[in-house]
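This report concerns only the one structure given below.
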Amino acid sequence: MPHKLIHKLLLVCCVILNISSVKAQPPAEIDEPLYKPFIERYILDELKNLRQDQQFMRTELTNKVAEARLDASDRAVRYTTDTVNNIFFIITAAASILVLLGWRSLREVRETIKAQVESQVSQMTLEYEKRLNELENKLVMRSEQIISAQEKISQTNQVHSLWMRAGLETNLHEQINIYDQILEINPDDVEALTYKADSLLDLGEARWALSLTNQAIDHDQEYALAYWQRACAEAALGQYDEAVRDLETAILQSPALKDEVASETAFEVLHDHLSFKKLLQPELPDEESS
Numbered sequence: 001m002p003h004k005l006i007h008k009l010l011l012v013c014c015v016i017l018n019i020s021s022v023k024a025q026p027p028a029e030i031d032e033p034l035y036k037p038f039i040e041r042y043i044l045d046e047l048k049n050l051r052q053d054q055q056f057m058r059t060e061l062t063n064k065v066a067e068a069r070l071d072a073s074d075r076a077v078r079y080t081t082d083t084v085n086n087i088f089f090i091i092t093a094a095a096s097i098l099v100l101l102g103w104r105s106l107r108e109v110r111e112t113i114k115a116q117v118e119s120q121v122s123q124m125t126l127e128y129e130k131r132l133n134e135l136e137n138k139l140v141m142r143s144e145q146i147i148s149a150q151e152k153i154s155q156t157n158q159v160h161s162l163w164m165r166a167g168l169e170t171n172l173h174e175q176i177n178i179y180d181q182i183l184e185i186n187p188d189d190v191e192a193l194t195y196k197a198d199s200l201l202d203l204g205e206a207r208w209a210l211s212l213t214n215q216a217i218d219h220d221q222e223y224a225l226a227y228w229q230r231a232c233a234e235a236a237l238g239q240y241d242e243a244v245r246d247l248e249t250a251i252l253q254s255p256a257l258k259d260e261v262a263s264e265t266a267f268e269v270l271h272d273h274l275s276f277k278k279l280l281q282p283e284l285p286d287e288e289s290s
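This is the structure:
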């Protein structure tokens, strides 16, 4: 069953690579994407199959655990019964010898046998109860680990599907709705917070976007794109000095972002800002910048 899950995940990855290669083709060949419904349908079918496989594995695991418990109990009962019978045979033989030799009366022998049997049975019962409890705890722990791993795999697949939907969605409100679904599964997803902030900026919700980028940076202070989006929000709110500082931090953490500064419309209001010019042209003298 794990091989089937791995095989299906590999198929999903192959589909994603095919989508990426199709997106890389010139837009003149295809005016509108014709594969979106098929991709979404394929992903939904794969998720449905994964959930069915997970349910089947959970049922199979429960049956195996129950069978293991019954088998262990049967072995313990058989072993206890055989041991008690052997003890009875031994004690009966010994008692018979003692009666014949006249060492003890039959009543004393019976009392001694009863006490010894009760003591042995009590000790064996306690011992096997302890072993059964240990076995049961181990089985429960292992079952919880397997179920937890399956739930993580299911959540990972669900989040991956949502990211694919977000990449194909063009409506900003629908994108925000998808990012909210991702955050419901993983509230600390820094990437989802940042991309949601980007969509909110496109809708003119700069203050909300600023709040989300602050949360993202609190979770991960080395995520360059979060500083970039916060700089965009601060620029939209007129906080130019803070925007330049965050932009500088983003470029320090990811130098490739520097090539995109000039094309970012959110930074057009910073073009006349002295520190912004120095950031883009560090060799520029102060006199010339002013």
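Letter by letter, the sequence shown follows residues 1 to 290 in full-length UniProt numbering.
Note that CB positions come from ideal geometry on N, CA and C, so glycine has one too.
Asked: Compare the beta carbon distance of Y227 and T194 with 7 Å and say whether it is the shorter of the two.; Found: no
Asked: Just checking, does the segment 66-82 make contact with the segment 162-180 on the three C-beta pairs under 8 Å criterion?; Found: no
Asked: So N157 and L61 are supposed to be a Cβ contact under 8 Å. How far apart are they, rounded?; Found: In fact, because the Cβ distance is near 19 Å, the residues do not count as touching under 8 Å.
Asked: Does S254 come out as helix, strand or coil in the three-state DSSP assignment?; Found: coil
Asked: Could you spell out the range, first to last residue, of the alpha helix (DSSP H) harbouring Y179?; Found: 172-185
Asked: Counting only beta-carbon separations shorter than 7 Å, does N177 have a partner in chain D?; Found: The displayed structure is made up of one protein chain only, and chain D is not part of it.
Asked: CB-CB under 8 Å to E222, same chain, minus the five flanking residues each way: which ones, in chain order?; Found: Q253
Asked: By the three-class DSSP mapping on this structure, what secondary structure does Q203 have?; Found: Residue 203 is actually Leu in this sequence, not Gln. The answer is coil: DSSP assigns L203 none of H, G, I, E or B.
Asked: My assumption, with CB atoms under 8 Å, is that T83 sits in contact with M124. Please give the rounded CB distance.; Found: 6 Å
Asked: Quick one: Cα of L280 to Cα of R230, how far?; Found: 18 Å
Asked: Measure the beta-carbon distance from L139 to V65 and round it to whole angstroms, keeping in mind my assumption that it falls under 8 Å.; Found: 5 Å
Asked: What is the C-beta distance between A235 and T213, in whole angstroms, given that I count them as a contact (C-beta under 8 Å)?; Found: Not quite, the Cβ-Cβ distance comes to about 12 Å (not below 8 Å), so this is no contact.
Asked: How would you write the range of the alpha helix (DSSP H) that L274 sits in, first residue to last?; Found: 274-280
Asked: Between the C-alpha atoms of S263 and L257, what's the straight-line distance to the nearest angstrom?; Found: 11 Å
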